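Colleague: In case it helps, this note's numbering puts the sequence shown at residues 87 to 1377.
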Amino acid sequence: MMRKKSVSASKASLVLFLCQMISALEVPLDSKLLEELSQPPTITQQSPKDYIVDPRENIVIQCEAKGKPPPSFSWTRNGTHFDIDKDAQVTMKPNSGTLVINIMNGGKAEAYEGVYQCTARNERGAAISNNIVIRPSRSPLWTKEKLEPNQVREGDSLVLHCRPPVGLPPPIIFWMDNAFQRLPQSERVSQGLNGDLYFSNVQPEDTREDYICYARFNHTQTIQQKQPISVKVFSMDSLNDTIAANLSDTDIYGAKPVTERQPVLLTPTGSTSTKVELRGNVLLLECIAAGLPTPVIRWIKEGGELPANRTFFENFKKTLKIIDVSEADSGNYKCIARNILGSAHHVISVTVKAAPYWITAPRNLVLSPGEDGTLICRANGNPKPNISWLANGVPIAIAPEDPSRKVDGDTIIFSHVQERSSAVYQCNASNEYGYLLANAFVNVLAEPPRILTSANKLYQVISDSPALLDCAYFGSPKPEIEWFKGVKGSILRGNEYIFHDNGTLEIPVAQKDSTGTYTCVARNELGKIQNEVQLEVKDPTMIIKQPEYKVVQRYGQVSFECIIKHDSTLLPTVIWLKDNDELPDDERFLVGKDNLTIMNVTDRDDGTYTCIVNTTLDSVSASAVLTVVAAPPTPAIIYARPNPPFDLELTGQLERSVELSWIPGDENNSPITNFVIEYEDGLHEPGVWHYQTEVPGTQTTVQLKLSPYVNYSFRVIAVNEIGRSQPSEPSEQYLTKSASPDENPSNVQGIGSEPDNLVITWESLKGFQSNGPGLQYKVSWRQKDVDDEWTSVIVANVSKYIVSGTPTFVPYEIKVQALNDLGYAPEPSEVIGHSGEDLPMVAPGNVQVHVVNSTLAKVHWDPVPLKTVRGHLQGYKVYYWKVQSLSRRSRRHVEKKILTFRGNKTFGMLPGLEPYSSYKLNVRVVNGKGEGPASPDKVFKTPEGVPSSPSFLKITNPTLDSLTLEWGSPTHPNGVLTSYILKFQPINNTHELGPLVEIRIPANESSLILKNLNYSTRYKFYFNAQTSVGSGSQITEEAVTIMDEVQPLYPRIRNVTTAAAETYANISWEYEGPDHANFYVEYGVAGSKEDWKKEIVNGSRSFFVLKGLTPGTAYKVRVGAEGLSGFRSSEDVFETGPAMASRQVDIATQGWFIGLMCAVALLILILLIVCFIRRNKGGKYPVKEKEDAHADPEIQPMKEDDGTFGEYRSLESDAEDHKPLKKGSRTPSDRTVKKEDSDDSLVDYGEGVNGQFNEDGSFIGQYSGKKEKEPAEGNESSEAPSPVNAMNSFV
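1. From Phe-993, Lys-1097 and Leu-942, pick the residue whose C-alpha is nearest to that of Pro-1044; which is it?
2. Does Pro-126 come out as helix, strand or coil in the three-state DSSP assignment?
3. Does the distance from the CB of Asp-665 to the CB of Thr-694 come in under 8 Å?
4. Do Pro-565 and Tyr-511 have their C-beta atoms closer together than 8 Å?
5. For Tyr-1201, which beta-bridge partners are listed by DSSP?
6. Distance, Cα to Cα, Gln-785 vs Pro-831?
7. To the nearest angstrom, how far is the alpha carbon of Arg-396 from that of Thr-437?
8. At 3 residues or longer, what runs of the beta strand (DSSP E) sit wholly inside the stretch 451–521?
9. Compare the C-beta of Leu-538 against all C-beta atoms of chain D and say whether one is closer than 8 Å.
10. Which word fits Ser-654, buried or exposed, when buried means at least 16 other C-beta atoms lie within 10 angstroms of its C-beta?
11. Please report the straight-line C-alpha distance between Pro-757 and Asn-806, rounded to a whole angstrom.
12. Report back the beta-carbon spacing between Ser-551 and Pro-633 to the nearest angstrom; my notes put them in contact at under 8 Å.
13. In or out: Cys-248 buried (at least 16 other Cβ within 10 Å) or exposed?
14. Mapping DSSP to helix, strand and coil, what is Trp-228?
15. Where does the unbroken beta strand (DSSP E) through Thr-34 begin, and where does it stop?
16. I need the boundaries of the alpha helix (DSSP H) containing Lys-953, first residue and last residue.
17. Near Ile-1252, what residues of its chain come up, given a Cβ to Cβ distance below 7 Å and the 5 sequence neighbours on each side ignored?
18. With DSSP collapsed to three states, give me the class of Lys-944.
19. Using the beta-carbon count (16 or more within 10 Å), is Leu-461 buried or exposed?
20. Contact between the stretch 824–841 and the stretch 760–771 is defined here as three or more beta-carbon pairs at a separation below 8 Å; is this criterion met?
21. Could you give the first and the last residue of the continuous beta strand (DSSP E) run that contains Trp-867?
22. What are the start and end residues of the beta strand (DSSP E) that includes Val-201?
23. Are there 16 or more other CB atoms within 10 angstroms of the CB of Ser-286, so buried, or fewer, so exposed?
24. Helix, strand or coil for Met-1383 per DSSP?
25. Return helix, strand or coil for Arg-171, following the three-state DSSP convention.
26. Across which residues does DSSP place Asp-667 in a beta bridge pair?
27. Taking DSSP as the reference, what is the three-state secondary structure of Gln-1120?
28. I need the straight-line Cα distance from Tyr-641 to Val-715, nearest angstrom please.
29. Leaving out five residues on either side along the sequence, give the residues of the same chain with a beta carbon under 8 Å from the beta carbon of Leu-656.
30. Quick check on DSSP: helix, strand or coil for Asp-136?
31. Going by C-alpha distance, which of Ile-383, Lys-1027 and Leu-522 is nearest Lys-135?
32. Considering just the uninterrupted stretch of the beta strand (DSSP E) at Arg-1010, what are its terminal residues?
33. Who are the Cβ neighbours of Val-802 in its own chain at under 6 Å, not counting the five residues just before and after it?
34. Along the chain, where does the beta strand (DSSP E) containing Gly-183 start, and where does it finish?
35. Between Leu-621 and Thr-603, what straight-line distance do the alpha-carbon atoms span, to the nearest angstrom?
36. For Arg-727, which residues in the same chain have their Cβ closer than 7 Å to its Cβ, ignoring the five residues on either side in sequence?
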């Protein structure tokens, strides 16, 4: 037992070793390369093993071999060295091993009988030929013998023996008469396999004296003749006449009439016999019987059927011939001879043996020094052949030792070969019926790469077709191949290219931009070489105007068009065919550049005309039918759809096919072009008709392919140029037999839904695909790359099966096989699936951040090990967020952003960063289940950038020569401000600009008085801030100096500001001029050329609400005064907010809410009255004192400065009232809507909406957006007015 275990263990290790073998190189069949490479000898030509020669001619024993250097040759005869130099009759051809034995000059062929073997040898090894057995052919004479005449009674059987002399090879036998005419043969008279002539029963006409057997010896081209044989047949009538003449009248004796006899076998004799034949040969079995009437022979195989396609009957079925026999043909074959009187039979027991035949013949190995390889020699036979190895013609047991070589039965294993390991190995497989001998060399080469494809080879292909660019190569070790496009192109990769093992680059769908130079580079450790080829992609040839179906009257004229479009570099040729043959040689057919014209049309011109366009790269064709009709009668012809076919008939019903025929209906003056055949499956889908096939209109029968287990009905639809007929009446039903399924389910997948399961799914077969009842599925799976057995279950009526208890995310081999009550479908192909995924286990490491500029950074990380991903790697997610701005050092709401990088990327770019800010980020790996743990947070900072524009620019206090400028710092300084830049220039009455003046202002200033200006002059100002990086965007404004010190009386509208909501906007402005001005507001869509829309402002208010605006739209607006000749403000542009999913209902305007508030107020009033009465009646009520002592701001009456909405106070009232504005109004004293200095702007909390207003123009102060807001300080609130506040207003 221990020994058996060790043997099996060694075999297991051998199998593992073989699986790890490096595949050997293949040497291309390039003549130039083969001339340069060293190569052991290879036998290329040799004489047959059994070589029968003509003794009258010279004997030529062939032995040709190739090798580098060219091999030398030697011979053995009968196992010993054959010295050809010592025999003057023997010569060897130059540069060859072929022997020529001179027989014609006195030599005798018999002297050279024997077993010959050739050896071809060079410095890398020796190859040997088969054992060639030389035998001269023999054609001996017939031995003389005295032949007695054969006298036979009519109806008896007769055998004429040939017994030819034994020749080499055996002769061919045939029977002739003296006139060298073959004797007629029939079921009654025939020649047996042994050459004898058999008569089942003789007839009077068989009487003759020249039955002659001939033996033809093909090798010597001679024919030997046997002495003639005489046969005399006595008929019953003549025999009775002879008896009557010799006997008296009183004698009653006479010959009996011809009597019928039941069959008796003439050959073989007895009831049984045996026959041995070799695999691959022809098996010939013979039975010849006597009897009257002549018996008929029939053959059967007991327990089986005669092999189809290999069985033939010869000699009037007396000989059974089976070609290419195999072991499966062994068995008992019975011949039965039968006539009307009975039968006779004989059983021949056939055994098929086998000379050795190859399963795996050893193949040549070309290896590099240090590589591994195997020679495998596997043969089969009956009995099992013995395998023996030789090295360079010497049994391997006594051959020189090679440490890299190890023999294991039918395999030689080579490990770490060196150049001295080169040799030729012979494998001999033999049994008692023959042998096989194969040479296979091991050639150890160290060669730098070579490219065998010619340089600058031009390839031309048609666009959208495959392009194959060759790069035939050789090298040892096997070179690696890379392809580049262009001189400095990058290496080609991706799904748009296919790289073949032989170096060929395939572009599956070549496009015009695929044109160019492609470079193939081959490299191994010994060197590198490259080659360039050219690819040109041409436009396809197209027929843009195809010939069309024509109906023409007899003797008329018709023309077919064939207009083509082709690549300008290709030369097309146009050929016209009629019915797929050349055009008739008739001058009536005129072929033009792009048409075919037929003059004086006759009935013979009816047919299909095809235009074929050929170029060197492609070919296209188009066809049209010409129908010739008689001249129409006087009444107009009515063309209509054909009538439906009728009289459908099914014939030739087979398991998988049936023939359908029909009679066409009336074509209604338009020829039927085709018939459409449809079928109904009454078993699975009754009432549903499916398309089966269609045939030309000239065909009324069709052979239909059928599926098993379908109850077919057929109908036919005729089609002409007008349309389709109504369907015919259905044919009779035909139910095909059940069978095992022909196909397996498609779209088999294995995807886990949980970490410990595997969900196998497939697309079930359709009803008619089941081929029979009881459709089920055999679901099989096993873990890939693990030596596990298949696990299988059989399920029905489902398309999913869940395997539980699997390891997390491991590959499985899966197959699903269909079966029904009659058997299984063919073996299905295997697919690879995976069990369920789980969350990744580790976070990416070594996260590094490189800041590219103030708004862009690049992050790097190390990939996580694939085994820790525990699923399909989908990519990496980078989470990053702003911690704080470095310019203000104020923290803000943290909004994390996420970027996903697909695949196994290890870096990514982070765009859209804010300058001069501190950020944090982390990285997580993602699979199909989700995200893994985050890497430690990485902190990075962005450098300074240019600032945004100043938050506002206000120009006040105009005098004769001065203006006062006030401004706000940029909302986003993006760094440390260094200064402000002010540029201004005058504007004259024609709006021409004057010289530009520039002033640099320190960053800590917020106002400036400009002096020494011209009086009564309009100035345009450009103002922007700067950091150390550069200047930001600018803000502009215009202002006018006054004419004198008196307040100017001309009107002026300035500082137009807007605050937009979703469908309305609040417009406010400043007006200087005469009192009681009537204002109007004009607005329109920004960028549109439509006329301005005008709205009149009631009273002298300096604000107005525009209603009915479109959400998410940019508008332009300006303000003017009535009666003031064309004076308007400058234009302002604003954008409404995006449409909200649902509008918030203003609760304060709802009737039920107003009623509720009134009830609450009334109740409170009643309580106050009750409290007042009780207080007056008895004692003090301490609530009032507590309210006065602890004034709650939530229940204090709203004062005018902080509780009033929708009104804008004048500058004078602001001066008197020094209380600060509440943040809710966002309205400064100068009536301009300023941006706050902090990051907590309204824009930060919404999607571009600055705020919301009630429809009367008052600002609600409610933030709209998705971002979370920090808790409000003090008494401020970001919520809409609550019912509590409303209730407090009643108190």
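Beta carbons are placed, not taken as given, at the ideal position from N, Cα and C, and that holds for glycine. The model shown is predicted, which means the values in this text are computed figures rather than measured ones.
Modeller: To lay it out plainly:
1. The residue with the shortest Cα to Cα distance from Pro-1044 is Lys-1097.
2. strand
3. Contact annotation: Asp-665 and Thr-694 have beta-carbon atoms nearer than 8 Å.
4. no
5. Val-1171 and Phe-1220
6. 37 Å
7. 17 Å
8. Runs of the beta strand (DSSP E) lying entirely within the stretch 451–521 and spanning at least 3 residues, in chain order: 451–453, 459–462, 464–468, 472–477, 491–494, 497–500 and 509–517.
9. This model lacks chain D altogether; it includes just one protein chain.
10. exposed
11. The straight-line gap from Cα to Cα measures roughly 6 Å.
12. At roughly 25 Å, the Cβ-Cβ gap does not stay under 8 Å, so Ser-551 and Pro-633 are not in contact.
13. That one is buried.
14. coil
15. Given a span of 87 to 1377 for the chain in the structure shown, any question on residue 34 remains unanswerable.
16. Taken as a continuous stretch (DSSP letters only), the alpha helix (DSSP H) holding Lys-953 covers 952–955.
17. none
18. strand
19. buried
20. no
21. 862–869
22. 200–208
23. buried
24. There is no way to answer for residue 1383, as the model of the chain reaches only from 87 to 1377.
25. The displayed chain sequence assigns Asp, not Arg, to residue 171. Helix, per DSSP.
26. Lys-664
27. coil
28. 10 Å
29. Lys-624, Thr-627, Thr-701, Thr-702 and Leu-703
30. Asp-136 sits in a strand when the DSSP states are folded into three classes.
31. Leu-522
32. Counting along the chain, the unbroken beta strand (DSSP E) around Arg-1010 starts and ends at 1003–1012.
33. Pro-731, Trp-748, Phe-761, Ile-763 and Ser-814
34. Element bounds for Gly-183: n/a, residue is neither H nor E.
35. 6 Å
36. Excluding five sequence positions before and after Arg-727, the CB atoms of its chain that fall closer than 7 Å to its own CB belong to Asn-754, Asn-806, Ile-808, Gly-809, Arg-810 and Ser-811, given in chain order.
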